[in-house]
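**Student:**
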Amino acid sequence: MMTTFLNGIRRAPILLFYLSVTRLFSQELTLHTVDPLEKVFPDSKPESLTGLHRAEAARGEYASFQIVFRHTSPLHSMRVSFESPFPEMLQEALKIRYVGHIRREAHQDRIEPELFPDPLWTVPPTTIRANSCQAIWLTVPVPKDARPGTYKVVIAIQADDEDGEPVRGRRELELRVHEAVLGKQQLRVSNWVHFRKELGIPLFSDEFWAAHAKWAANVVAHRQNQILVRLGLAGPETSGEYPPFKYGHPFNRHPPFHLTLIRPLVTESGRMAFDFSRFDRFITTYRQAGIQWVAGGQFIVGIADEKGTSSAEFGWIP
11 MMTTFLNGIR RAPILLFYLS VTRLFSQELT LHTVDPLEKV FPDSKPESLT GLHRAEAARG
71 EYASFQIVFR HTSPLHSMRV SFESPFPEML QEALKIRYVG HIRREAHQDR IEPELFPDPL
131 WTVPPTTIRA NSCQAIWLTV PVPKDARPGT YKVVIAIQAD DEDGEPVRGR RELELRVHEA
191 VLGKQQLRVS NWVHFRKELG IPLFSDEFWA AHAKWAANVV AHRQNQILVR LGLAGPETSG
251 EYPPFKYGHP FNRHPPFHLT LIRPLVTESG RMAFDFSRFD RFITTYRQAG IQWVAGGQFI
311 VGIADEKGTS SAEFGWIP
């Protein structure tokens, strides 16, 4: 028995060394740089996504990086820093955001209900689930007077695992700034947007209009100069709630939600009237942000308000 005990003591340092080494390697966080156009789902495998460690931009353009990681343990208290930052002209305007997810019942990428990457949050998630992919989005506005050349930066990410032990990872990123300078946008550029209930914002509230003002400023900064305005809705929403869809769509079981900006009304005398107050505020919000053109969308199945009751269908024009 004494011999067995002594043998155990001799093996103990080896075992402790093995556990220490294993623990050391488990704390390494592998960071993957992924093409910003890639959708990173919680169950994505970073190594199978399109890699992109270098971004290229003209002067006056925005450059973007998407850094992805996953870990076998739940993580919390995530911190992002730069061991070797960009020059001040690039670093001071750099934005760090964290890709969030919203639940969608259908999408062209995946048929089944799933959490889809969409919002870019300014604060990190409280907790990252084990074996779940988390993406970090870096936006670098390149000044028009930036010096052309190749710039490198080392990003470091640290978080704590479920035992409170730090998990660290680092990655070098490269930005190539071309000599060309972007001038004023000559084309009419519009990206369609649909504000959905996932944002948790009551329709046409002060918060709703404030969100649109921020959105407008952001799209103008990214060289969008035209906004699509649809004039109808597939259902009533006078209560301030997001309505269910009431018409079919050949490409999507759940078509986009359209705002009722021009409200058809039936007056007490039985005449048709229209309320343009929402439309006017919508246009003013985007004009003030710098939008130059408005693209008129089609009328969609709508509901007229007759004596406080939304019941009379207004019609549909393709």
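In our numbering, each residue's number is its place in the sequence shown (first place is 1) plus 10. For glycine and all other residues, C-beta sits at the position ideal for the given N, C-alpha and C. Here the structure is a predicted model, which is why all the values come from computation and not from measurement.
(1) For Phe79, count neighbouring C-beta atoms within 10 Å of its own C-beta (all shown protein chains included) and say buried if the count is 16 or more, exposed if not.
(2) Below 6 Å CB to CB, which residues in the same chain sit around Pro260 once its five sequence neighbours on both sides are set aside?
(3) Start and end of the beta strand (DSSP E) containing Leu148?
(4) In three-state DSSP terms, what is Phe284?
(5) Can you give me the C-alpha to C-alpha distance between Leu148 and Arg180, rounded to a whole angstrom?
(6) Gln236 lies in the beta strand (DSSP E); which residues open and close that run?
(7) Residues in its own chain within less than 7 Å of Ser36 by CB, not counting five upstream and five downstream?
(8) Quick one, which of Trp225, Leu275, Thr137 has its alpha-carbon nearest Ser87's?
(9) Give me the residue from Val152, Pro84, Pro46 with the minimum Cα distance to Arg107.
(10) Measuring CB atoms only, is the region 157-173 touching the region 194-202, in the sense that at least three cross pairs come out at less than 8 Å?
(11) Between Phe286 and Ile272, which are expected to be in contact by the criterion C-beta below 8 Å, what is the C-beta distance as a whole number of angstroms?
(12) Please state the DSSP three-state secondary structure of Ile106.
(13) Taking only the alpha-carbon atoms, compute the straight-line gap between Asn228 and Glu38 and give it to the nearest angstrom.
(14) Looking at the unbroken beta strand (DSSP E) that takes in Gln168, where does it start and where does it end?
(15) Going by beta-carbon coordinates alone, are Pro134 and Ile112 separated by less than 8 Å?
(16) Among the residues of its own chain, which have a CB less than 6 Å from the CB of Leu34, if the five just before and after it don't count?
(17) May I have the straight-line CA-CA distance separating Arg157 from Ala103, to the nearest angstrom?
(18) Does the separation of the CB atoms of Arg186 and Arg64 fall below 8 Å?
(19) Suppose the cutoff is 7 Å on Cβ atoms and the five residues either side in sequence are ignored; what does the same chain contact list for Trp202 look like?
(20) Using the C-alpha atoms, what's the distance from Gly210 back to Ser249?
(21) For His42, which of Ser74, Thr60, Phe51 has the nearest alpha-carbon?
**Tutor:** Well, looking at it:
(1) buried
(2) For Pro260, the predicted model reports a pLDDT of 37, less than 50, meaning its position is unreliable; a value from the coordinates is still stated below. Excluding positions up to five away in sequence, the list is empty.
(3) 144-151
(4) strand
(5) 14 Å
(6) 236-239
(7) In this prediction, Ser36 scores a pLDDT of 46, lower than 50, which makes its location untrustworthy; the coordinate-derived value is nonetheless stated afterwards. Once the five neighbours on either side are set aside, Ser36 has no close Cβ partner at all.
(8) Thr137
(9) Pro46
(10) no
(11) Here Phe286 really is in contact with Ile272; their C-beta atoms are around 6 Å apart, less than 8 Å.
(12) DSSP places Ile106 in strand when its eight states are reduced to three.
(13) Taking the Cα positions, Asn228 is about 36 Å away from Glu38.
(14) Boundaries of the beta strand (DSSP E) around Gln168: 159-170.
(15) no
(16) The predicted model places Leu34 with a pLDDT of 46, which falls under 50 and marks its position as unreliable; any figure quoted below should be read in that light. Counting only Cβ-Cβ distances below 6 Å, and skipping sequence neighbours, we find nothing.
(17) 16 Å
(18) yes
(19) Leu238
(20) Because the pLDDT at Ser249 is just 43, under 50, the model does not fix this residue reliably, and the value given afterwards should be weighed accordingly. Using only the alpha carbons, I get a separation of about 15 Å.
(21) Thr60
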